[in-house]
Amino acid sequence: MNGNLGSEELILLLKEHGLRITPHRIQILEMIIAEGHPTVEEIAKRVPNMSLTTIYNNVKQFVSMNIVKELPYENGMSRYELSKINNYHVICQSCGLIVDFTFPTLIEVEDMASRLTKYKVHRHIMGIYGVCTDCQHTATR
Numbered sequence: 001m002n003g004n005l006g007s008e009e010l011i012l013l014l015k016e017h018g019l020r021i022t023p024h025r026i027q028i029l030e031m032i033i034a035e036g037h038p039t040v041e042e043i044a045k046r047v048p049n050m051s052l053t054t055i056y057n058n059v060k061q062f063v064s065m066n067i068v069k070e071l072p073y074e075n076g077m078s079r080y081e082l083s084k085i086n087n088y089h090v091i092c093q094s095c096g097l098i099v100d101f102t103f104p105t106l107i108e109v110e111d112m113a114s115r116l117t118k119y120k121v122h123r124h125i126m127g128i129y130g131v132c133t134d135c136q137h138t139a140t141r
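Structure follows, in structure tokens:
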């Protein structure tokens, strides 16, 4: 599954998890895909016909059902992306821009953690912080 899911795939995703198919749920998932790591507040700005509470409650349910993963960052804000997307994030400390990258060997960290601790590992979160090229150029002007 990739980040470019259409409405039909989103409907199947909701059905797989036993969730009722509603226009709000489809819109929220479409925004999470389209906006690339949005906050609940950013989703609300793009979907003005929906209350912040409705968005928050649906996103919270999506997270609890592992449809969406929550990406908590240093500023206390959480951003969201589909759980089926396996990647890591480089985050600009100046403007907050998030860029995805994949590096499959880092997945081995979960296996090693499981072997060493005997935990059943479900996921891990990693963020790399720096300053994006636009902010670097702005700082030097």
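Heads up, the final residue of the sequence shown is numbered 141 in our numbering, and it's a clean run with no missing numbers. For every residue, glycine included, the Cβ atom is placed at its ideal position computed from N, Cα and C. Being a predicted model, the structure only gives us computed values, none of them experimental.
Backbone CA spacing between residue i and residue j [nearest angstrom]
i: E108; j: N87; result: 13 Å
i: V90; j: D100; result: 7 Å
i: E16; j: L10; result: 10 Å
i: V63; j: K69; result: 5 Å
i: I26; j: I55; result: 11 Å
i: G130; j: A139; result: 13 Å
i: L19; j: N66; result: 12 Å
i: P48; j: H124; result: 33 Å
i: Q93; j: L71; result: 15 Å
i: E8; j: T22; result: 13 Å
Range of the contiguous alpha helix (DSSP H) that encloses residue i
i: C135; result: T133 to T140
i: L14; result: S7 to E16
Three-state secondary structure assigned by DSSP to residue i
i: K45; result: helix
i: K118; result: coil
i: K60; result: helix
i: P38; result: coil
i: I85; result: coil
i: I67; result: coil
i: I28; result: helix
i: I21; result: coil
Cβ distance (whole Å) where residue i is taken to contact residue j below 8 Å
i: T39; j: S78; result: 7 Å
Close-in-space but distant-in-sequence residues of the same chain around residue i (CB under 7 Å, 5 per side omitted)
i: V59; result: I28, V40, V68 and Y80
i: H24; result: M50, T54 and N58
Where the beta strand (DSSP E) through residue i begins and ends
i: S78; result: S78 to L82
i: I128; result: G127 to G130
i: F101; result: I98 to F101
Close-in-space but distant-in-sequence residues of the same chain around residue i (CB under 6 Å, 5 per side omitted)
i: L52; result: A44
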